[in-house]
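Everything on this sheet refers to the single structure shown next.
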Amino acid sequence: MYEDKSFPVDLHTVKKDHEFLDADSLRALFRRLHVLNECARFNLTEEKYN
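First residue of the sequence shown? That's 683 in my numbering, and the numbers climb one at a time after it.
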């Protein structure tokens, strides 16, 4: 996904697709996705200025 630039990931969609996860697991997933989304935004911004 990252190489395909399929970021940022919509967290609302992820929540709907992962309803089977308990609250702690969902929070952990969101933390990881948030970091990936931030990295993707930084990467896209960096590419824009190069």
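All C-beta atoms, glycine included, are put in the ideal place defined by N, C-alpha and C. On a predicted model such as this, the values are computed, not experimentally measured, just so you know.
Can you give me the C-alpha to C-alpha distance between residue i and residue j, rounded to a whole angstrom?
i	j	result
Phe689	Phe724	11 Å
Val691	Asn719	7 Å
Ala705	Val717	19 Å
Ala722	Lys698	22 Å
Taking 7 Å as the cut-off, does the CB of residue i come closer than this to any heavy atom belonging to the ligand ADP?
i	result
Lys697	In the structure on display, the ligand ADP does not appear, and there are no ligands present to speak of.
What does a CB cutoff of less than 8 Å around residue i pick up in its chain, not counting 5 residues either side in sequence?
i	result
Val696	Leu711, Phe712 and Leu715
Leu703	Leu711
Give every residue of the same chain whose Cβ lies closer than 7 Å to the Cβ of residue i, excluding the five residues on either side of it in the sequence, and list them in chain order.
i	result
Leu693	Phe712 and Leu715
His700	Leu708 and Leu711
Is residue i helix, strand or coil when you go by DSSP?
i	result
Val691	coil
His716	helix
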